[in-house]
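Right, one structure below, let's go through it.
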Amino acid sequence: MARWVRVLAALCAVLLAAPAFGQIFTDMAGRPEQRMLEKLAAKGVFAIPQDRRFQPEERITRLDFFVALARAVGLREGSGILPEYRDLQEIPPSARGLLAALASAGTVNQRKAVRKVQEWEVILETDKGTYGPGEEIGLTLSLRNTAGRAAEVEFPTSQRYDFVIRNQSGEEVARWSLGQQFTAQGLKLTVQPNQQVVVGDTKWKQLDQNDRPVPPGRYELIGVVTARPQPMSVTIFFTKGFVTAFPDNTFRPRAPLSRAEVAELAARVSGLDQEALAKRGNPIPAQDAQDVRPEHRGYVALALERKFLLTTDGRVRPNDPATRLDAAVALDGVMNVLGRYDFRRGRFRSIQPGNPAILSVTDGRVIQNFRLGPVVAVYRNDRPAQLQDLKPNDELAMLLLGDVGDVTYIEARGP
């Protein structure tokens, strides 16, 4: 009898230590947005409360939205300076670090811009899409010959390129070539058909020419091929600062946001500001399109097109307070645009029970182990499943909290 008691106790310990499976948010079970929310939770955009309820129809506060927005773009605490709001004391200290980072973070409208100039493609690329406060922005300028024959480009001096930063007023903020040394002798560059060559690169530290941090705003990052007789340029837009305030310099953490404001912030943080501005005159496919304020028209048009914002009964309800589900839909769009759903992949090997339980996967001859979170959403062949439904050699796609944090979401495929 004593032996069976020990066996039962050991079995109970294993079961208690094993992660829970099924829905992460119990009040989202069976809803179309269930998997979307589980992926957002797995990446830490929304915390999982003890009662595991998401409360989708609740209004989202400004504080909760901006914190979730900072997490969606991958920002971390400890960088940036929070503005001196009059109601700063109403912002919990635990949230100030993320808000400070978001206040000084920036995104580019595209990681690769291409401009055609006769037989040339002038190409400007950044090293990523989202940048923290003061983080260096890597810029690479290239030329590609699209002609069916070799082509030549001439330079009047040894300078082949330049990088220029302008603010939203068109004023020059910084120029790479200032202070650099060049020889007066010109250069010639021969490029073969369909060949792409790097002309120059640099890293901009988000500083002006006098080494002062540039303030929030929209900037043009311009790459210039200093060719003769006519230089060739291409531009990427960089938007910095995403925390909005009220005219009286208050943040109002407990106040709601409108659905149109959520659409605007989602577009801006995704680097789609220029695209939204270009859509200001576009028709909005909603019965209540006339309710969209002029300053929000481009953002709402873009949000509907990209599914950052959904209509109900043909109405967009731009001025209604945004719900937690509205925020989740917009942030899922942000995650997709920025490529933030960084699935880790491998083949299922085993699960080692314990506290925490350990998931073992293989990639060729390499074995990797990951910690399973307290709650894990599992899908096998696109159907809800349990951890014990995973079979050896199933192909797994997993979302982790952080670089090597808890696995909270698993998609499996197998026979």
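My numbering applies: residue 1160 is where the sequence shown begins, and numbers increase by one. Beta carbons are placed, not taken as given, at the ideal position from N, Cα and C, and that holds for glycine.
Can you tell me whether DSSP reads residue i as helix, strand or coil?
{"i": "Ala1556", "result": "strand"}
{"i": "Val1204", "result": "coil"}
{"i": "Ala1309", "result": "coil"}
{"i": "Pro1543", "result": "strand"}
{"i": "Pro1388", "result": "coil"}
{"i": "Leu1416", "result": "coil"}
{"i": "Ala1343", "result": "coil"}
{"i": "Gln1193", "result": "helix"}
{"i": "Arg1530", "result": "strand"}
{"i": "Ala1177", "result": "Reliability of the predicted coordinates at Ala1177 is poor, the pLDDT of 48 falling under 50, and no value is obtained from them."}
{"i": "Glu1113", "result": "Outside the displayed range of the chain (1160 to 1574) lies residue 1113, so it cannot be described from this structure."}
{"i": "Lys1550", "result": "coil"}
{"i": "Val1350", "result": "strand"}
{"i": "Arg1377", "result": "strand"}
{"i": "Pro1453", "result": "helix"}
{"i": "Arg1474", "result": "strand"}
By the DSSP assignment, the alpha helix (DSSP H) with residue i in it spans what residues?
{"i": "Pro1252", "result": "1252 to 1263"}
{"i": "Asp1491", "result": "1483 to 1497"}
{"i": "Gly1457", "result": "1456 to 1465"}
{"i": "Ala1333", "result": "Premise fails: Ala1333 lies in the beta strand (DSSP E), 1331 to 1334, not in any alpha helix (DSSP H)."}
{"i": "Ala1435", "result": "1432 to 1437"}
Leaving out five residues on either side along the sequence, give the residues of the same chain with a beta carbon under 8 Å from the beta carbon of residue i.
{"i": "Ala1437", "result": "Gly1457"}
{"i": "Ala1229", "result": "Leu1257, Leu1258, Ala1260, Leu1261, Ala1264"}
{"i": "Ala1309", "result": "Thr1349, Val1350, Gln1351, Pro1352"}
{"i": "Asp1432", "result": "Asn1268, Arg1377, Phe1396, Thr1398, Ala1426"}
{"i": "Arg1319", "result": "Leu1346, Leu1348, Val1358, Gly1359, Val1384, Thr1385"}
{"i": "Phe1314", "result": "Gly1345, Leu1346, Lys1347, Leu1348, Thr1385, Ala1386, Arg1387"}
Pull the bridge partners of residue i from the DSSP assignment, please.
{"i": "Gln1511", "result": "Ile1517"}
{"i": "Val1226", "result": "BP columns for Val1226 are empty, so no partner."}
{"i": "Trp1279", "result": "Val1276, Asn1304"}
{"i": "Pro1372", "result": "Leu1366"}
{"i": "Gly1382", "result": "Phe1322, Val1393"}
{"i": "Glu1295", "result": "DSSP lists no partner for Glu1295."}
{"i": "Gly1505", "result": "Leu1555"}
{"i": "Ala1536", "result": "Tyr1568"}
{"i": "Arg1270", "result": "The partner list for Arg1270 (beta bridge, DSSP) is empty, contrary to what the question assumes."}
{"i": "Asp1522", "result": "Val1525"}
{"i": "Thr1289", "result": "Thr1266"}
{"i": "Thr1316", "result": "Paired residue(s): none; Thr1316 is not in a bridge."}
{"i": "Lys1399", "result": "Gly1265, Gly1376"}
{"i": "Thr1220", "result": "Pro1415"}
Where do the N-terminal and C-terminal ends of the beta strand (DSSP E) with residue i fall, by residue?
{"i": "Asp1360", "result": "1355 to 1363"}
{"i": "Ala1188", "result": "No beta strand (DSSP E) contains Ala1188, which DSSP labels as neither H nor E."}
{"i": "Glu1570", "result": "1566 to 1572"}
Given residue i, which residues of its chain have a CB within under 6 Å of its CB, disregarding the five upstream and five downstream residues?
{"i": "Gln1511", "result": "Ile1517"}
{"i": "Thr1220", "result": "Arg1413"}
{"i": "Met1557", "result": "Arg1503, Val1566, Ile1569"}
{"i": "Asp1367", "result": "Val1332, Ala1333, Val1373"}
{"i": "Ala1571", "result": "Arg1539, Leu1549, Asp1553, Leu1555"}
{"i": "Pro1543", "result": "none"}
{"i": "Gly1573", "result": "Lys1550, Asp1553"}
{"i": "Trp1363", "result": "Ile1296"}
{"i": "Leu1560", "result": "Gly1203"}
Ignore the nearest five residues each way along the sequence and tell me which others in residue i's own chain have a CB closer than 7 Å to its CB.
{"i": "Ser1317", "result": "Phe1341, Thr1342, Gln1344, Leu1346"}
{"i": "Asp1491", "result": "Met1195, Leu1199"}
{"i": "Ala1231", "result": "Val1204, Leu1490, Val1493, Met1494, Arg1499"}
{"i": "Thr1299", "result": "Glu1284, Val1357, Asp1360"}
{"i": "Arg1212", "result": "Phe1184, Thr1185, Asp1186"}
{"i": "Ser1509", "result": "Ser1519"}
{"i": "Arg1465", "result": "Gly1492"}
{"i": "Pro1292", "result": "Ser1238, Gly1239, Ala1260, Ser1263, Ala1264"}
Under 6 Å from any heavy atom of the ligand ADP, does the C-beta of residue i make it?
{"i": "Pro1374", "result": "The ligand ADP is not part of this structure, which contains no ligands at all."}
*the stretch 1249 to 1265 in contact with the stretch 1335 to 1349 per 3-pair CB rule at 8 Å*: Because the criterion of three Cβ pairs below 8 Å is not met, the stretch 1249 to 1265 and the stretch 1335 to 1349 do not touch.
*Touch check for the stretch 1480 to 1488 and the stretch 1402 to 1420: three-plus C-beta pairs under 8 Å?*
Contact between the stretch 1480 to 1488 and the stretch 1402 to 1420 is present, because at least three Cβ pairs lie under 8 Å.
*Counting pairs of beta carbons, one from the stretch 1491 to 1508 and one from the stretch 1535 to 1547, are three or more of them closer than 8 Å?*
With a cut-off of 8 Å, the stretch 1535 to 1547 and the stretch 1491 to 1508 do not count as touching, because too few Cβ pairs lie within range.
*Pair every Cβ in the stretch 1261 to 1275 with every Cβ in the stretch 1395 to 1408, then say whether three or more of these pairs are closer than 8 Å.*
Flag = yes, the stretch 1261 to 1275 and the stretch 1395 to 1408 touch.
*Using 8 Å as the Cβ pair cut-off and three pairs as the minimum, do the stretch 1297 to 1310 and the stretch 1352 to 1364 touch?*
The stretch 1297 to 1310 is in contact with the stretch 1352 to 1364.
*Any contact of the stretch 1274 to 1286 with the stretch 1381 to 1400, i.e. 3+ C-beta pairs under 8 Å?*
Pairwise C-beta distances place the stretch 1274 to 1286 in contact with the stretch 1381 to 1400, as three or more of them are shorter than 8 Å.
*Examine the Cβ distances between the stretch 1378 to 1386 and the stretch 1313 to 1327 and report whether three or more of them are shorter than 8 Å.*
The stretch 1378 to 1386, when compared against the stretch 1313 to 1327, does touch it at the 8 Å Cβ threshold.
*Touching or not, the stretch 1459 to 1475 and the stretch 1429 to 1449, by the rule of three or more beta carbon pairs under 8 Å?*
Taking a cut-off of 8 Å on C-beta distances, the stretch 1459 to 1475 touches the stretch 1429 to 1449, as three or more cross pairs fall below it.
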